[in-house]
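Trainee: The numbering of the sequence shown is our numbering, which starts it at 808 and goes up by one.
Even glycine gets a Cβ: it sits at the ideal position worked out from N, Cα and C.
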Amino acid sequence: MGRPMRPVDPAAGPAAELAAGLRELRQQAGNPPFRQMARRAHYSATTLSVACSGVMLPSLDVTLAFVRACDGPQDAWRRRWTDAAALTGAGTRRPAVATRAAPAARRRAWRPAPIRGLPPWVGWSLGSFALALMVAGLVRAYWPARAAVAQPPAPSAFQAGLPPMYVGVTRCDPGSYRVLQRTLTLPRPVRLGGRAFPAGAVVGAVYLMYSPRCSEAWPHFSPVSAFFNQPGRLTLRSRSTPDGSVNTSPVYDVIRYADGEPMLTVLGCVDAEATIEFGADGPSVTAATACFQRA
């Protein structure tokens, strides 16, 4: 269950009315977390959250992606967005540029005097050559940078013996990295899957992941190999100041790699917390990172 959103008045305007409808659709779909919706919508959780904030009218693509993530009727919502855009002016097109109909002499007037008398094909050839140089420069600059971003981080001690889990399901995931971490250790012995674990055994670590691209942070849990897929109720939480809002992930019934809900780091600091409960009679362990805010 995520943090409660600020109320929106449908009578405040077309954007607010559309936002209220999107919230109702999400509620009918079982109120899935925005990060879960992002995997189906292919937009970030922040984009989907803003779409139903009522602050501004989202684009048609974002609206239909939101509806698709909630299994809503896209044709009906396409008409609703069109009606809202007509009332706000968001769907209007800019008028054609007047210079397109200008005579040839006027189109040449902006050229420097030495090249006004040259035939048009000279300018086209020079322009094509300049464009080719620019594209070549961008390719040389872009591909090394992309290769650097695509390099997976070195596996930590908590991932030893396990395959790395790089999902990259939203635009915020590429380039994200760990800023804080805390380990979870057993407060007392426990027996799982026919194996005994002593007090003080390391269960895993909770990390606070940060995306410079989206200015978001979220919790990520990585278990040690001995506890991977063992029975235990895993819950992740992220908290944000100054309003003390909390995002809580779905409860996992086995210990696994898991990500929590993202929160913006521009309004306040964000921390990450992981809790594992080992049955009704077993111990419970919780660890939380310090609070991080974008500089």
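(1) Give a yes or no on whether the C-beta atoms belonging to L894 and P817 are separated by under 8 angstroms.
(2) In whole angstroms, give me the CA-to-CA distance for A1023 and T1072.
(3) Return helix, strand or coil for S856, following the three-state DSSP convention.
(4) Going by CA-CA distance only, name the one from L871, A1006 and R1101 that's closest to P1019.
(5) Going along the chain, which residues of its own chain have a beta-carbon closer than 6 angstroms to the beta-carbon of V1009, five neighbours each way excluded?
(6) On a Cα-Cα basis, can you pick out the residue from R846, D878 and R847 that is closest to G837?
(7) For P865, which of helix, strand or coil comes out of DSSP?
(8) Is L999 closer than 8 angstroms to Q1037 when the C-beta atoms are compared?
(9) Taking DSSP as the reference, what is the three-state secondary structure of Q834?
(10) Between which residues of its own chain and L855 is the CB-CB distance below 8 angstroms, once the five residues before and five after are set aside?
(11) Considering just the uninterrupted stretch of the alpha helix (DSSP H) at L894, what are its terminal residues?
(12) With a CB to CB cut of under 6 angstroms and the five nearest residues on each side skipped, what residues in its chain are close to T1093?
(13) Helix, strand or coil, according to DSSP, for V1031 in the structure here?
(14) Where does T870 sit, in a helix, a strand or coil, going by DSSP?
(15) Would you give the residue range spanned by the beta strand (DSSP E) that A1095 belongs to?
(16) How far does the alpha helix (DSSP H) with M844 in it extend, from its first residue to its last?
(17) Mapping DSSP to helix, strand and coil, what is L1015?
(18) Using CA coordinates, which residue listed in P1090, A1095, L1043 and W888 is at the minimum distance from A1006?
(19) Would you give the residue range spanned by the beta strand (DSSP E) that A1003 belongs to?
(20) With H, G and I counted as helix, E and B as strand and the rest as coil, what does DSSP make of G828?
(21) By a C-beta neighbour count over all protein chains shown, 10 Å radius and 16 as the cutoff for buried, is A864 buried or exposed?
(22) The beta strand (DSSP E) spanning A1102 covers which residue range?
(23) Which first and last residues belong to the beta strand (DSSP E) in which L1041 is found?
(24) Less than 7 angstroms between C-beta atoms, sequence neighbours within five positions excluded: which residues of the same chain meet that for W884?
(25) Less than 8 angstroms between the C-beta atoms of W1052 and E1068, yes or no?
(26) Which same chain residues, not among the five before or five after V1061, have their C-beta less than 8 angstroms away from its C-beta?
Mentor: Taking the geometry as given:
(1) no
(2) Residue identity differs from the one stated: residue 1023 is Glu in this sequence, not Ala. Taking the straight line joining both Cα atoms gives about 6 angstroms.
(3) helix
(4) Ranking L871, A1006 and R1101 by CA distance to the CA of P1019 puts R1101 first.
(5) T990, T992 and V1031
(6) D878
(7) coil
(8) yes
(9) helix
(10) F841, M844, A845, A848, V869, A872, F873 and A876
(11) Q881 to T895
(12) T1082
(13) coil
(14) helix
(15) The continuous beta strand (DSSP E) containing A1095 extends over residues S1091 to A1095.
(16) F841 to A848
(17) Three-state result, L1015: strand.
(18) P1090
(19) R1002 to F1004
(20) Reduced to three states, the DSSP call for G828 is helix.
(21) The displayed chain sequence assigns Leu, not Ala, to residue 864. Classification for L864: buried.
(22) Unbroken run through A1102: none, as it is neither H nor E.
(23) P1038 to S1047 is the span of the beta strand (DSSP E), which, as asked, contains L1041.
(24) Here the set comprises T870, L871 and V874.
(25) The amino acid occupying residue 1052 in the given sequence is Ser; Trp does not appear at that position. No, Cβ-Cβ distance for S1052 and E1068 is not below 8 angstroms.
(26) N1036, Q1037, P1038, G1039 and L1041
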